[in-house]
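Trainee: Take this structure first; my questions come after.
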Amino acid sequence: MDMNNFFENYLERDSLFINKSLLLSSYLPEEVLFRGDLIQEIANILAPALRVEKPSNLFVYGKTGTGKTLSLKYILKSMSEIAKKRDIPIKPVYINCKLKRVADTEYRLIAQIIKEFGKTDVPATGLPTDEIYNIFYSLVDTKKQVVLLVLDEIDQLTKKMGDGILYNLTRINSELKNAQIALIGISNNLVFAENLDPRVQSSLSEEELIFPPYNAVQIQDILRKRAQGAFRPDAIEPGVIEKCSAYAAREHGDARRAIDLLRVAGELADRENSSKITIPHLDDAEDKIESDKIVGTVTSQPKQHQMVLYAILLLTPSKRPFFTGEIYDVYAKVCKKAHYNVLTQRRISDILAEFDMLGIINAKIISKGRYGRTREVSLSLDDDMKRKIKEIIEKSLQI
DNA sequence: AGGTATTCACATGAAACTATTCTCTGAGTTAGG
DNA sequence: TAACTCAGAGAATAGTTTCATGTGAATACCTGT
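Have a look at this one:
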């Protein structure tokens with residue numbers, strides 16, 4: 013009944029935010045701080061495109077949140093503006109290879125590029141792969157032009173399939189008569205190129221750049237600049253920005269995390285009607301981000317994976333670490349009881365490895381000598397979190 | 001005692017299988033002329 | 001006769017199974033002292 017009041021209040025009280033979009037990861041700033049040199053270098057490498065010559069292929073490394081994507085997008089944007097003004101036939105294409113069910117296979121990657129060229133009716137499946145290549149060729153090769161193909165998170169592409177895709181991509185140019193394609197790969201795995209086919213390696217990374225992490229001071233400046241536009245003046249208590257950037261600098265200078273942290277802290281402060289963002293808000297925000305991340309990954313897991321996790325949760329109060337075999341036994345028992353089909357131990361082994369990758373569990377392979385070799389699994393969550401996850405799984409599997 | 005050889009309990013890899021989704025094709029069907 | 005329907009063939013893809021091979025070190029076994 014005081015719902016109305018609530019909404020009245022909600023509208024009346026002013027938010028700490030003026031423009032939250034500045035703190036979202038989709039935001040592209042006017043100016044990329046501390047990346048001037050690198051941007052200049054990339055610009056040098058890509059500039060020939062403006063004269064409709066094929067630039068060198070480029071490979072960009074750097075950890076998450078070091079501004080790789082941002083810088084590339086920034087450059088592509090200004091290049092396409094100039095190109096539009098002077099009518100230069102350049103086509104920048106940005107594709108994130110990580111996106112599930114969008115561009116994480118060869119077929120879908122090409123299909124996605126074709127979509128970028130404006131042909132939207134590409135079937136999601138059903139065509140042979142070379143057919144889709146043919147569509148692509150006929151679409152691109154209609155006129156003389158330079159395609160700047162940016163492949164973000166390119167390592168995801170090779171992880172699933174081999175490096176054959178990349179080989180095909182580097183080979184495309186020889187199939188084209190008029191158009192030229194420059195490949196720009198972005199990867200946050202610094203050793204990515206090392207286990208690649210040498211032919212691919214040499215042709216893909218004609219040029220290489222490494223994005224170093226930001227240091228704490230730089231992150232502070234970045235935060236301050238974003239915060240300036242995003243929040244009302246004086247919405248942030250002194251020390252908050254400093255602490256926020258210290259958090260991020262501790263984690264290899266991830267600017268994106270710092271910005272997320274600040275935004276969530278702002279949201280929390282807003283929700284409890286506080287007039288300022290304080291350091292406790294920041295701490296809460298860190299917890300919230302962490303817990304949201306875990307809850308998110310757990311809920312998005314397939315049923316069988318959840319079942320395995322459930323088995324681990326059942327085991328966890330008993331003793332410290334447990335082994336694959338024990339987990340499998342419990343898993344099989346629970347599955348049978350809930351009338352799910354029981355997967356092989358081979359599969360469970362892979363699922364456990366996946367969980368390890370996701371950071372949901374800690375697993376390491378140990379040898380118990382005479383008593384075999386196995387994964388030693390432990391769960392690094394506090395009891396609260398465990399309970400929460402257990403409930404989530406029970407609900408989603410209806411156990 | 002010191003040195004090998006075994007052995008366990010899985011890990012890891014490769015290939016094949018299953019099920020689902022989607023296109024394309026051509027045969028058969030239908031409705032209108 | 002043109003338009004429509006529908007089954008079947010072929011692809012891509014995700015998830016899984018089957019089969020095969022690999023593996024680190026605690027034990028068992030041996031050997032010479």
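If you're matching positions, the first sequence starts at 13 in our numbering and goes up one per residue.
We put the beta carbon where it would ideally sit given N, CA and C, even for glycine.
1. Would you please state the rounded distance, in angstroms, between the beta carbons of residue 242 and residue 401? I believe it to be under 8 Å.
2. Checking the sheet assignment: what are the DSSP bridge partners for residue 63?
3. Just list the residues that DSSP pairs residue 196 with in beta bridges.
4. How should residue 257 be labelled, buried or exposed, when 16 other C-beta atoms within 10 angstroms of its C-beta is the threshold for buried?
5. According to the neighbour-count rule (16 or more other Cβ atoms, all chains shown, within 10 Å of its Cβ), is residue 284 buried or exposed?
6. Smallest Cα separation from residue 310: which of 363, 330, 164 and 271?
7. Below 8 Å between beta carbons: does that hold for residue 262 and residue 77?
8. Quick one: grab the DSSP three-state call for residue 376.
9. Give the straight-line distance between the Cα atoms of residue 134 and residue 113, rounded to the nearest whole angstrom.
10. Which whole runs of the alpha helix (DSSP H) in the segment 16 to 57 are 4 residues long or more, in chain order?
11. Which of helix, strand or coil does DSSP assign to residue 219?
12. What would DSSP say about residue 387, mapped onto helix, strand or coil?
13. Starting from the N-terminal side, write out each stretch of the alpha helix (DSSP H) that is 4 residues or longer and does not extend beyond the segment 244 to 314.
14. Taking residue 38 as the reference, give the member of 360, 345 and 86 with the closest Cα.
15. Please report the residue range of the beta strand (DSSP E) in which residue 185 lies.
16. If I'm right that residue 69 touches residue 218 with Cβ under 8 Å, what's the distance once you round it to whole angstroms?
17. Nearest to residue 156 by CA position, among 185, 178, 246 and 132, is which residue?
18. Which residues does DSSP pair with residue 104 in a beta bridge?
19. Between the C-alpha atoms of residue 250 and residue 231, what's the straight-line distance to the nearest angstrom?
20. Is residue 164 closer than 8 Å to residue 102 when the C-beta atoms are compared?
21. Roughly how many angstroms lie between the CA atoms of residue 65 and residue 22, to the nearest whole one?
22. Who are the Cβ neighbours of residue 292 in its own chain at under 6 Å, not counting the five residues just before and after it?
23. Should the segment 114 to 128 be regarded as contacting the segment 196 to 214, the criterion being three or more beta carbon pairs within less than 8 Å?
24. Where residue 59 and residue 27 are concerned, what is the direct C-alpha to C-alpha distance, given to the nearest angstrom?
25. Grouping DSSP H, G and I as helix and E and B as strand, with all else coil, what is residue 335?
26. Between the C-alpha atoms of residue 158 and residue 50, what's the straight-line distance to the nearest angstrom?
27. According to DSSP, simplified to helix, strand and coil, what is residue 133?
28. Pull up the distance between the alpha-carbon of residue 238 and that of residue 63, whole angstroms please.
29. DSSP three-state call for residue 207: helix, strand or coil?
30. Short check: CB of residue 182 to CB of residue 150, under 8 Å?
31. Which value, in whole angstroms, describes the spacing of the CA atoms of residue 128 and residue 105?
32. Could you check the C-alpha separation between residue 170 and residue 323 for me, to the nearest Å?
33. Is the Cβ-Cβ distance between residue 276 and residue 301 less than 8 Å?
34. What's the C-alpha gap between residue 80 and residue 226?
35. Do residue 72 and residue 223 have their beta-carbon atoms positioned less than 8 Å apart in this structure?
36. Please list, in chain order, all residues of the same chain as residue 350 whose beta carbon is under 7 Å from its beta carbon, the five residues on each side excluded.
Mentor: The relevant details are as follows:
1. In fact, because the Cβ distance is near 33 Å, the residues do not count as touching under 8 Å.
2. None, per the DSSP bridge assignment.
3. Partner(s): 70 and 162.
4. Result: buried.
5. Around the beta-carbon of residue 284, fewer than 16 other beta-carbon atoms lie within 10 Å, marking it exposed.
6. Residue 363 holds the alpha-carbon nearest to the alpha-carbon of residue 310 among 363, 330, 164 and 271.
7. No, Cβ-Cβ distance for residue 262 and residue 77 is not below 8 Å.
8. Per DSSP, reduced to three states, the secondary structure at residue 376 is strand.
9. One C-alpha to the other measures close to 14 Å.
10. For the alpha helix (DSSP H) assignment, the segment 16 to 57 encloses no uninterrupted run of at least 4 residues.
11. Correct three-state label for residue 219: strand.
12. Strand, per DSSP.
13. Fully enclosed alpha helix (DSSP H) runs of 4 or longer: 252 to 262, 267 to 283 and 291 to 311.
14. Checking every option, the nearest Cα to that of residue 38 belongs to 86.
15. Membership of residue 185 in any beta strand (DSSP E) is not indicated; the residue belongs instead to the alpha helix (DSSP H) covering 176 to 187.
16. Contact holds; Cβ gap of about 5 Å.
17. Cα-wise, what sits closest to residue 156 is 185.
18. Among the bridge pairs identified by DSSP, residue 104 is matched with 160.
19. Going by the C-alpha atoms only, they are around 16 Å apart.
20. Contact: no.
21. In this structure, the straight-line span from the alpha carbon of residue 65 to that of residue 22 is close to 56 Å.
22. Answer for residue 292: no residue qualifies.
23. Cβ pair count under 8 Å is below three, so no.
24. For residue 59 and residue 27, the distance between alpha carbons rounds to 44 Å.
25. Of the three classes helix, strand and coil, the one that applies to residue 335 here is strand, per DSSP.
26. Answer to the nearest angstrom: the Cα atoms are 22 Å apart.
27. The three-state reading of DSSP puts residue 133 in coil, since its state is none of H, G, I, E or B.
28. Going by the C-alpha atoms only, they are around 35 Å apart.
29. The answer is helix: DSSP assigns residue 207 an H, G or I state.
30. For residue 182 and residue 150, no; Cβs fall outside 8 Å.
31. Residue 128 and residue 105 have their C-alpha atoms roughly 7 Å apart.
32. When the Cα atoms are used, residue 170 and residue 323 turn out to be separated by approximately 32 Å.
33. Yes. Within cutoff.
34. Straight-line Cα distance between these residues: approximately 12 Å.
35. Between residue 223 and residue 72, the gap from beta carbon to beta carbon is short of 8 Å.
36. If we look at residue 350 and ignore the five residues flanking it on each side, its Cβ neighbours are 409 and 411.
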